[in-house]
Every structure is written in structure tokens, then in C-alpha cells.
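If you number the sequence shown the way the numbering used here does, the last residue is 350 and the count never jumps.
Glycine included, every Cβ here is placed at the ideal spot set by N, Cα and C.
Everything on this sheet refers to the single structure shown next.
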Amino acid sequence: MRFIHLADVHLGAIPDKGCPWSSQREEEIWETFRRVIAGIRENPVDFLFIAGDLFHRRPLLRELKEVNYLFSTIPKTRVYMIAGNHDYIAEDSAAETFQWEENVIFFREERLVCVKDKKLDVYVYGLSYRHQEIPQALLSGAEPGEGEGLHILLAHGGDEMHIPMNVNLLSAVGFDYIALGHIHKPGILIRDKAAYSGALEPIDRNDLGVHGYIEGYLKNGRLRTRFVPFACRSYQQILLTLREDTTQISLEEALKAEIYQKGGLNIYRVILRGRRAPELLLLAEKLKSLGNIIEVQDESKPAYDLEELSRQYNGTLIGDYIQCFMKRDRNIVEEKALYYGLQALLETSR
1 MRFIHLADVH
11 LGAIPDKGCP
21 WSSQREEEIW
31 ETFRRVIAGI
41 RENPVDFLFI
51 AGDLFHRRPL
61 LRELKEVNYL
71 FSTIPKTRVY
81 MIAGNHDYIA
91 EDSAAETFQW
101 EENVIFFREE
111 RLVCVKDKKL
121 DVYVYGLSYR
131 HQEIPQALLS
141 GAEPGEGEGL
151 HILLAHGGDE
161 MHIPMNVNLL
171 SAVGFDYIAL
181 GHIHKPGILI
191 RDKAAYSGAL
201 EPIDRNDLGV
211 HGYIEGYLKN
221 GRLRTRFVPF
231 ACRSYQQILL
241 TLREDTTQIS
251 LEEALKAEIY
261 QKGGLNIYRV
271 ILRGRRAPEL
281 LLLAEKLKSL
291 GNIIEVQDES
301 KPAYDLEELS
311 RQYNGTLIGD
321 YIQCFMKRDR
331 NIVEEKALYY
341 GLQALLETSR
């Protein structure tokens, strides 16, 4: 027995609106989902578990038809899925009455329902969102019913406003595998027993790292799982350390080298740290033009000798300004205010 567990596909999402690559991302999210289905068609699995938020919002009828067609191309795979907080079912939702292919089981109720698979001794449990938020612990007290075979729970949530749950307890009462959705970062909570598959494709700049799905299979009577990287892009961070001899051009060359090494398709947040020459004027927009760079965070500091400047300008506005900041433990905002203000005052005095 083999299965694929995925969640948080967010079909219809358009990440990073306003960025040059944004228009491609909507189609890439659809294309990656199509690649999953094509892979199942070539190498069939018994089950495809979708643990919520297949869509980024309540799906339109045409979107349901598109997905239903894809499911029709894998008739030997039984598809079990639930609605999450993004694609929740409302009374006027197209998903409320939509007729899925025979191999698709869609849990429509906002209460736990069990379906026994027709061909294998597998019991699948699931519930869907019919509201955007569910602060109630709807899975509290849930436990598998009687029956020899595997008992698999599909669940979406895990925080205060989205079905709080105790995964360790759910596993302890007898669920053989808990397929989780809602958290976009992949995470194994209990080895071979409970996991967040994470978003199939990263949806925003906070979805750092690899993304994909989880594959499960029976080996010697025991369930085993593994994470399969599958996304076409990832969000990554690039950390560049500046020195006093760093120039704008040398910084650009270092950034281009990092992007070349990590991959040109990926989307980057660039963080600048270290101590730079006070006269260096960083051109953040020029750096952003060198690749798919969503943000440049300048955490570097001008290499001022504050004590020496305080002595040199003692009794002047500049000296008083430095002393004002040196008498306290500075937070990040105050640190920036010190250096930005000092640079402006020094340039004015010159």
C-alpha cells in the first residue's frame, strides 16, 4: 500500500504581487499540482490524501471541474480530501453540491466522519471547515473505530483559531497516521505517524526552505513515510557580510555569485550585515535587479569609532547626539537612528 499526503496547494494564489515573477507563480502552483497527478498516473499509488486548502479561497465551479478532470485521469487512486480554512465550505459554495469522480471522497461535514475504503482495509477519517475559523477542539476525544486495518486521520489546523489539537494524544489512541495541513513548513511531528506535509509550493516570502509532499508505504507490515521535495522554486535567504573595504560593485558581484550557486529560479531575501565604510552608499534597488529578490534588509553599520567621535566633537551637537545614545542599551530602531542621524550630521558639518 502506498499513499501521497499533501496539503496547502493554494490553487489560485498569486504570490508576491507586483514583483516581476508574480504572474508566473500562479501558473506554477497549478503546474506543480498537475505534475503530482502526472506522477501518480505514471506510478500509481493507492491513496492521495489532501489535508485542506487545495484552493487559496472558495473555489469557482470551473476550478472544481479542472481539478475533477485531473482526478479522473488517476482512476486507480482513491482521493480523500477535506476543505481547510481558506477553501472552507459555505452554503453558497460551489463545492457544497459538486459531484466528484467516483474515485474521490470529499468530507463535507464539520464533524469527524469515517469512510472505510472499498478495496483495502484502510479507514479514513476527516472533517472539513464550514467556517474560516474553528476555535473549538473538534478532534478532542476522537479515536479510531473498530476494525482491523490502518486508521488514517486527515486534519487541518493546530493553532488557537484553527482546530486546536493534541497530535500526540491522537496518535496514542490508535490512529496509524495523521495527515496534517495548515502549517506551510513541512514538519514530522511523530516519525512515520504524524506530519505536516507543508505547502506544495511556497506561497509567500515566509515559506522558506524546501517544499513538496509526503509519501507513505507499508514495509514489512509497518507504515513508513518520507518527505519528497517537489516545488519548482523556494524562498531562501542570502546573508552577505560587509567589511570596510566593501564597495557597491564588490557587493553586487558577491550577490550574483550566491544566486548562481543557489539557483536563479529561487526567490531571495538578502540580509546585509557587518561594518561598512561610512561613505558607502548602498543602492538596494540595484541589488534587487540582480535576480528574484523580494527584499533587501540592511542590518550593516557604518564603521564609526563612536568614542573617538564623541571626544572629537565634545560640546557640539554631534557630540551631544552620540552621548544621548551611548547612555542607554539601544534596540534595533535606536541603533539605526544613531547611525542614520550621525551620518546626516557629519555630512552637514562637512
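Query, Result
"Simplified DSSP state of L309, which is helix, strand or coil", "helix"
"Residue from A337, R191, A254, R108 with nearest C-alpha to L382", "No information on residue 382 is available, as it lies outside the stretch 1 to 350 that the chain covers here."
"Helix, strand or coil at L338 [DSSP, three-state]", "helix"
"Supposed contact pair F55 and L11 - C-beta distance, whole angstroms, cut 8 Å", "5 Å"
"CA nearest to the CA of P229, picked from S197, I29, E27, Y69", "S197"
"DSSP three-state assignment for T73, whether helix, strand or coil", "coil"
"Local Cβ density within 10 Å of T32, reported as buried at 16 or more and exposed below that", "buried"
"C-beta contact flag for I163 and A137 at 8 Å", "yes"
"Nearest-angstrom Cβ-Cβ length linking V9 and L200, presumed shorter than 8 Å", "5 Å"
"Residues bridged to H156 (per DSSP)", "G181"
"contact_flag[the stretch 88 to 106, the stretch 164 to 181] where n(CB pairs < 8 Å) is 3 or more", "no"
"Spatial distance of Q297 from P59 (CA atoms)", "36 Å"
"Beta-carbon separation (whole angstroms), R224 vs Y217, contact threshold 8 Å", "6 Å"
"7 Å CB neighbourhood of L306 in its chain, flanking five on each side removed", "I322, M326"
"Three or more C-beta pairs below 8 Å linking the stretch 122 to 129 and the stretch 78 to 86", "yes"
"Touch test, the stretch 257 to 270 against the stretch 229 to 240, Cβ-Cβ under 8 Å, three pairs minimum", "yes"
"Residue environment, P20, which counts as buried when at least 16 other CB atoms sit within 10 Å", "exposed"
"Proximity of E215 and I4 at Cβ, strictly below 8 Å", "yes"
"Beta bridge counterpart(s) of C324 as assigned by DSSP", "Its beta-bridge partners do not exist; DSSP assigns none."
"8 Å contact criterion, which R273 and S250 should meet: CB distance rounded", "That belief does not hold up - the Cβ atoms of R273 and S250 are roughly 15 Å apart, past 8 Å."
"Sub-8 Å separation of S234 and N206 beta-carbons", "no"
"K116 versus E42 - alpha carbon distance", "26 Å"
"Through-space distance from M161 to S140, alpha-carbon basis", "15 Å"
"DSSP state of Y260 mapped onto helix, strand, coil", "helix"
"Residues near I134 in its chain [Cβ-Cβ closer than 8 Å; skip 5 each side]", "N85, E110, G157, M161, H162, I163"
"Contact check, V122 vs L150, beta carbons under 8 Å", "yes"
"Span separating the alpha-carbon of K76 from that of A284", "52 Å"
"Beta carbon of R62 nearer than 8 Å to that of I105", "no"
"Supposed contact pair L287 and E252 - C-beta distance, whole angstroms, cut 8 Å", "7 Å"
"Every unbroken alpha helix (DSSP H) within the stretch 210 to 291, with a cutoff of 4 residues, ordered by chain", "248 to 262, 284 to 288"
"Beta-carbon proximity of A7 to I50, cut-off 8 Å", "yes"
"Cβ distance (whole Å) where E295 is taken to contact R269 below 8 Å", "5 Å"
"In DSSP terms, what Y80 is bridged to", "F49, I105"
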